[in-house]
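Okay, so here's the structure we're looking at.
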Amino acid sequence: MATKKYELDMTKGPIFKQLLTFTIPLILSGILQLLYNAADIVVVGNFSGITALAAVGSTGSLINLITGLFMGLSLGVSVVASNYYGGKNYNGVSRVLHTAVTISVIGGIVIGAIGIIIAPAVLKLMGSPFDVLPQAALYMRIYFCGMPFFMLYNFGSAVLRALGDTKRPLYFLAVSGIVNVVLNLFFVILFKMGVAGVALATIIAQAISACFVVNCLMKSDGFYKLELKKLKIHRVELKKMIIIGLPAGIQGSIFSISNVLIQSSINSFGSDTMAGNAAAANIEGFIYVAMNCIYQSALTFIGQNFGAKEEKRITQGMLTCVAMVVVIGLALGILALIFSSSLIKIYNSDPDVIKLGMLRTKIIAPTYFICGIMEVLVGGIRGLGNSILPMIISILGVCGIRIVWLYTIFVWDPSLTTLYTSYPVSWFVTAAIDLICFVMIKKKLKTTYFNKI
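To convert a position in the sequence shown, counted from 1, into the working numbering, add 804.
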């Protein structure tokens, strides 16, 4: 079967060019997504005040905690589909697609209901200040009403990415994102709806992007055409997706637990600190999303070449991805550090908020590339079909170090500097262990898989 216009077979051809072709639309998609999310925070921060900014900014770690498990399954979708695609098993790709879409709808409804029910109680447990809690709870409840659309877009896009198609998700996101920004301004400035307006704009935009993905898949010709009559859960594909995706989802959820604990500690410093942290974290998100796109590139590249048993390309691809993530992470981190004051001022012009946001940026931005290395190595291990090991490493390395740090070093020196330092320390230790494990796994596969006749 000939490769279609939007597909990208990465099992042959120039590696750097292929990775660049795959990654650039991903990075643009991620930046657009963050710009639209930033628009949420900028609009409420400038037109609804510090309390509204703190409310929206403080919900991210909790939302990730609740959605983490199913988002891990979407990663399993991408790995299994890319393995099938690399091995020319096109019927397998079709089964993955229809299983993924079915799960996304069911999962979106379940996760949405859970989020709506538990949001206020968990926010209280996080120690959200009395003045922030009502708005944060309102934002989350409206946000989770759109969870089926959120899941459908992400699972559908995971299949497209597995085939090397990162362009069409970019187009879909561009349109839905513009709608999000326009509705933000419409609901918040014109109708004075505050956090409710931002949340409503978000779920409308998510619904549009989900419709685009579904329409794209239904109109595709060939093996990844979505047909409603074929929607079902295929047990073999589901099992493979769970083996890869469930550990990633558990890892993401436990990551979020450690971040929730850190957010709780940040909350104890008050609304100004929460607002400054939210602004700085949003800026850092641009660095993270660029590096995470390299991770997704490594995942798909290695997944396809693992399916095709192209051992040498896997090593070359991994080295290329690590080099790319270091260059991008360092460059963006230094830029964020240099322009931190001006960037944070976009979100809120209060001097205290700017000062507190800059404190976080000075510690995290220039060291963020270490996180990128860690993620690329994890992507490589998962692309080779092993998801449990990176889960264990990340839980013990990233989450374990941060939690121990909170209850030891932070107790001894309860300052924001001490709190934020836990991030680069945990990244460095975990990346070192991931590197050792990737080398060992590939060495083992050389005799058990690649050279097997």
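We put the beta carbon where it would ideally sit given N, CA and C, even for glycine. No experiment lies behind these values; they were computed from the predicted model shown.
Taking the straight line between their C-alpha atoms, what separation do you get for residue i and residue j?
{"i": "M1045", "j": "G1053", "result": "11 Å"}
{"i": "F1027", "j": "K1166", "result": "49 Å"}
{"i": "Q939", "j": "V1040", "result": "44 Å"}
{"i": "A1102", "j": "V1126", "result": "9 Å"}
{"i": "V881", "j": "K892", "result": "16 Å"}
{"i": "Q1067", "j": "I1185", "result": "30 Å"}
{"i": "L812", "j": "I1199", "result": "33 Å"}
{"i": "K1248", "j": "I993", "result": "59 Å"}
{"i": "G849", "j": "L987", "result": "16 Å"}
{"i": "S852", "j": "G998", "result": "6 Å"}
{"i": "M1022", "j": "L877", "result": "22 Å"}
{"i": "S1024", "j": "I1037", "result": "21 Å"}
{"i": "L1220", "j": "T1124", "result": "36 Å"}
{"i": "Q822", "j": "I1168", "result": "31 Å"}
{"i": "P818", "j": "K1250", "result": "23 Å"}
{"i": "T1077", "j": "F1059", "result": "22 Å"}
{"i": "M944", "j": "N887", "result": "36 Å"}
{"i": "R1117", "j": "F1105", "result": "9 Å"}
{"i": "R749", "j": "Y894", "result": "Because the chain here runs from 805 to 1257, residue 749 falls outside it and cannot be looked at."}
{"i": "Y1253", "j": "A885", "result": "19 Å"}
{"i": "P1218", "j": "I910", "result": "43 Å"}
{"i": "V936", "j": "L824", "result": "43 Å"}
{"i": "I1257", "j": "E1114", "result": "Any reading at I1257 needs caution, since the residue's pLDDT is 46, under 50, leaving its predicted position unreliable; the model's value is listed next. Their Cα atoms are separated by approximately 14 Å."}
{"i": "L1134", "j": "G1056", "result": "24 Å"}
{"i": "G960", "j": "Q1120", "result": "29 Å"}
{"i": "M1244", "j": "G1189", "result": "14 Å"}
{"i": "W1241", "j": "V1131", "result": "Inspection of the sequence shows that residue 1241 is occupied by Cys rather than by Trp. Whole-angstrom Cα-Cα distance: 23 Å."}
{"i": "V1215", "j": "T1222", "result": "10 Å"}
{"i": "L967", "j": "Y889", "result": "7 Å"}
{"i": "D969", "j": "G872", "result": "24 Å"}
{"i": "D1156", "j": "A843", "result": "21 Å"}
{"i": "S1191", "j": "D1154", "result": "44 Å"}
{"i": "V905", "j": "I1213", "result": "45 Å"}
{"i": "G788", "j": "S1230", "result": "There is no way to answer for residue 788, as the model of the chain reaches only from 805 to 1257."}
{"i": "I1048", "j": "G1111", "result": "15 Å"}
{"i": "K1043", "j": "M875", "result": "16 Å"}
{"i": "L1163", "j": "A1014", "result": "38 Å"}
{"i": "S1146", "j": "V1018", "result": "40 Å"}
{"i": "L964", "j": "Y1227", "result": "32 Å"}
{"i": "P1194", "j": "L927", "result": "29 Å"}
{"i": "L929", "j": "F991", "result": "30 Å"}
{"i": "L1050", "j": "L1030", "result": "24 Å"}
Give every residue of the same chain whose Cβ lies closer than 6 Å to the Cβ of residue i, excluding the five residues on either side of it in the sequence, and list them in chain order.
{"i": "K1034", "result": "H902"}
{"i": "F1016", "result": "F976"}
{"i": "L974", "result": "P829, L832, S833"}
{"i": "G1161", "result": "G1080, A1083, A1084, I1148"}
{"i": "A962", "result": "S878, V881, S882"}
{"i": "I1207", "result": "S1062"}
{"i": "G1089", "result": "L838"}
{"i": "G919", "result": "I870, F948"}
{"i": "M1122", "result": "G1184"}
{"i": "M805", "result": "With a pLDDT of 37 at M805, under the threshold of 50, the modelled position of this residue cannot be trusted, and the question is left open."}
{"i": "K1159", "result": "none"}
By Cβ distance, which residues of its chain are closer than 7 Å to residue i, with the 5 residues on each side in sequence left out?
{"i": "I1237", "result": "I1197, G1201"}
{"i": "A1323", "result": "Residue coverage of the chain in this structure runs from 805 to 1257, which leaves residue 1323 outside it and unanswerable."}
{"i": "G931", "result": "S1068, N1071, S1072"}
{"i": "T863", "result": "A940, Y943, M944"}
{"i": "I913", "result": "P952"}
{"i": "C1020", "result": "R972"}
{"i": "Y810", "result": "D969, K971, R972"}
{"i": "A1235", "result": "I1174, I1177, M1178, L1181"}
{"i": "F1232", "result": "I1174"}
Pull up the CB-CB distance for residue i and residue j, whole angstroms please, since I reckon it's below 8 Å.
{"i": "I946", "j": "V983", "result": "16 Å between Cβ atoms; not a contact."}
{"i": "S1144", "j": "P933", "result": "Not a contact, Cβ separation roughly 25 Å."}
{"i": "G1187", "j": "G1137", "result": "No, G1187 and G1137 are not in contact; Cβ-Cβ is about 26 Å, not under 8 Å."}
{"i": "F1069", "j": "L1210", "result": "With the sequence shown as reference, residue 1069 is identified as Ser, and Phe is not the correct amino acid for it. Contact flag correct, Cβ pair sits at about 6 Å."}
{"i": "T827", "j": "N1109", "result": "Contact flag wrong, Cβ pair sits at about 16 Å."}
{"i": "I915", "j": "I870", "result": "6 Å"}
{"i": "L942", "j": "V847", "result": "With 8 Å as the limit, L942 and V847 do not qualify as a contact, their Cβ atoms being about 16 Å apart."}
{"i": "L1139", "j": "P1170", "result": "Their Cβ separation, rounded to whole angstroms, is 10 Å, which puts L1139 and P1170 out of contact at 8 Å."}
For residue i, which residues from the same chain have a beta carbon less than 8 Å from its beta carbon, with the 5 sequence-adjacent residues on both sides left out?
{"i": "L1129", "result": "Sequence check: residue 1129 is Val here, not Leu. Contacts found: M1095, I1098, Y1099, F1173, G1176, I1177, E1179, V1180."}
{"i": "Q1010", "result": "G950, F953, F954, Y957, S980"}
{"i": "I845", "result": "L857, V860, G861, A1082, A1083, N1086, Y1151"}
{"i": "F995", "result": "G1001"}
{"i": "V1093", "result": "I831, G834, I835, Q837, L838"}
Would you say residue i touches the ligand NAP, meaning its beta carbon is less than 7 Å from a heavy atom?
{"i": "I913", "result": "Absence of the ligand NAP from the depicted structure is noted, as is the absence of any ligand whatsoever, leaving it without description."}
Quick one: is residue i near chain C, going by C-beta distance under 8 Å?
{"i": "G1176", "result": "Absent here is chain C; the protein component of the structure consists of one chain."}
Between the stretch 887-900 and the stretch 993-1013, are three or more C-beta pairs nearer than 8 Å?
As far as the Cβ criterion goes, the stretch 887-900 does not touch the stretch 993-1013, which means the pair count is below three.
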